Every structure is written in C-alpha cells, then in structure tokens.
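For the sequence shown, counting from 1, position 80 maps to 80 in this note's numbering; every step adds exactly one.
Ideal Cβ positions, reconstructed from N, Cα and C, are used throughout, including at glycine.
As the structure is a prediction and not an experimental result, all values here were calculated from the model.
Each remark here refers to the structure printed beneath this line.
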Amino acid sequence: MSRSTPNPTEAELEMLRILWDRGPSTVREIHDVISSEKETGYTTTLKILQKMADKALVTRDESQRSHIYEPAVKAEKTQRQLVDQLLEKAFGGAIEQLVMQALSSRKVNHEEIARLRKLLNDLEENA
Numbered sequence: 001m002s003r004s005t006p007n008p009t010e011a012e013l014e015m016l017r018i019l020w021d022r023g024p025s026t027v028r029e030i031h032d033v034i035s036s037e038k039e040t041g042y043t044t045t046l047k048i049l050q051k052m053a054d055k056a057l058v059t060r061d062e063s064q065r066s067h068i069y070e071p072a073v074k075a076e077k078t079q080r081q082l083v084d085q086l087l088e089k090a091f092g093g094a095i096e097q098l099v100m101q102a103l104s105s106r107k108v109n110h111e112e113i114a115r116l117r118k119l120l121n122d123l124e125e126n127a
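See below:
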C-alpha cells in the first residue's frame with residue numbers, strides 16, 4: 001500500500017481481512033462470510049469490491065465467469081500504514097504512549113507477554 005493508495009474504509013478493511021484469511025475468493029464467497037455475521041446484500045458486497053479494485057486495494061481476475069478477488073497488498077503493510085497514521089494523529093509520534101494504551105485496553109495473556117518481551121529484547125540487541 002503506497003502513500004498514494006487511500007486507506008481502506010471499515011467495510012473495505014473487513015473484506016481485506018477475509019481475503020487475507022481465505023486467500024483469493026469470489027464475491028459470493030466473501031459475501032457468505034460477511035452475511036454470516038451481519039445482514040448485507042450481495043450487490044453491496046460486489047459494489048464495495050469493485051470500488052476496492054478501482055482504488056487498487058484488491059486485484060480482480062476476470063478470466064473466469066465468477067471474478068476472483070485478492071488483496072493487492074499484504075496485511076502487514078496495511079496494518080503498518082494504519083498504525084503509523086494512528087501513532088502520528090493520536091499520539092504525536094510517541095510510541096510508548098501508543099503501546100501503553102494498547103496494553104492497558106485489554107487483558108494480555110502470558111504468551112503475548114512472552115512474545116512482547118522477545119520483541120523488546122530483539123529490538124534492544126539490534127539498536
């Protein structure tokens with residue numbers, strides 16, 4: 001996701017998460033996942049995917065009768081861009097404040113704490 005690529009909307013991000021989890025999918029497959037969680041129309045799903053293709057958030061394979069959509073960027077790249085923007089907008093670039101808010105907003109289990117410790121140790125060693 002380049003700086004010129006717009007951020008996904010909430011609905012677009014929901015569809016991207018489905019594609020990241022499932023891999024390339026048809027509109028029907030994406031719609032089935034979304035409609036199992038909330039009421040939405042097939043044409044709404046289709047229209048959002050078409051707009052996402054126009055915005056270069058997804059690619060569309062039109063070689064088959066049912067078009068296949070897949071994300072144009074990896075989840076990590078999109079997440080990194082969104083976090084960078086949140087960090088600047090909400091925390092003025094203060095990473096410590098962002099991390100403290102994230103950790104205090106929900107319960108963190110032992111495995112997550114261990115992974116965080118390892119990440120911090122790795123960052124410290126490479127600094």
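Handout entry: For V58: DSSP bridge partner residues
Key = By 1-based counting over the sequence shown, the position of residue 58 is 58. Answer is P71.
Exercise for the section: Give the DSSP-derived three-state secondary structure of S2 in the structure shown. Expected result: Counting from 1 along the sequence shown, the entry for residue 2 is found at position 2. Legend: pLDDT at S2 = 48, less than 50; position of this residue unreliable, no value from coordinates given.
Exercise for the section: For A114, count neighbouring C-beta atoms within 10 Å of its own C-beta (all shown protein chains included) and say buried if the count is 16 or more, exposed if not. Expected result: As a working note, residue 114 is residue 114 in the sequence shown. Exposed, because fewer than 16 other Cβ atoms sit within 10 Å of the Cβ of A114.
Practice task
Could you check the C-alpha separation between I48 and H67 for me, to the nearest Å?
Solution key: Counting from 1 along the sequence shown, the entry for residue 48 is found at position 48. Counting from 1 along the sequence shown, the entry for residue 67 is found at position 67. Cα to Cα, I48 sits roughly 14 Å from H67.
Handout entry: Segments assigned alpha helix (DSSP H), at least 4 residues, entirely inside the region 63-115
Key = DSSP assignment within the region 63-115 yields the following whole alpha helix (DSSP H) runs of 4 residues or more, N-terminal first: 75-91, 95-104.
Handout entry: Cut-off 6 Å between Cβ atoms - residues of its own chain near F91, not counting five sequence neighbours on either side
Key = Taking the first residue of the sequence shown as position 1, residue 91 is located at position 91. Within the same chain, Cβ atoms closer than 6 Å to the Cβ of F91 are found at Q97, L98, the five residues on either side in sequence being excluded.
Exercise for the section: Keeping to the same chain, check which residues put their C-beta closer than 8 Å to that of A56; ignore five residues upstream and five downstream. Expected result: As a working note, residue 56 is residue 56 in the sequence shown. Here the set comprises T5, A72.
Practice task
Would you kindly check if the distance between the Cβ of D84 and the Cβ of E70 is under 9 Å?
Solution key: The residue you call residue 70 lines up with position 70 of the sequence shown. The residue you call residue 84 lines up with position 84 of the sequence shown. The answer is no: Cβ separation not under 9 Å.
Problem - Beta-carbon gap between A75 and R117 smaller than 9 Å - result: Stepping through the sequence shown from its first residue, residue 75 is reached at position 75. Stepping through the sequence shown from its first residue, residue 117 is reached at position 117. In this structure, the beta-carbon distance from A75 to R117 does not fall below 9 Å.
Exercise for the section: Let me know the secondary structure DSSP gives T44 once reduced to three states. Expected result: The residue you call residue 44 lines up with position 44 of the sequence shown. Here T44 carries a helix assignment [DSSP, helix/strand/coil].
Problem - First through last residue of the alpha helix (DSSP H) which encompasses A11 - result: Walking along the sequence shown from the start, residue 11 turns up at place 11. In this chain, the alpha helix (DSSP H) harbouring A11 covers 10-22.
Handout entry: Neighbourhood of L120 by C-beta distance below 8 Å, restricted to the same chain and skipping five residues each side
Key = Within the sequence shown, the letter at position 120 stands for residue 120. Counting only Cβ-Cβ distances below 8 Å, and skipping sequence neighbours, we find nothing.
Problem - Supposed close pair I34, E10 - CB separation, criterion 8 Å - result: Counting from 1 along the sequence shown, the entry for residue 34 is found at position 34. Counting from 1 along the sequence shown, the entry for residue 10 is found at position 10. About 12 Å; that fails the 8 Å criterion.
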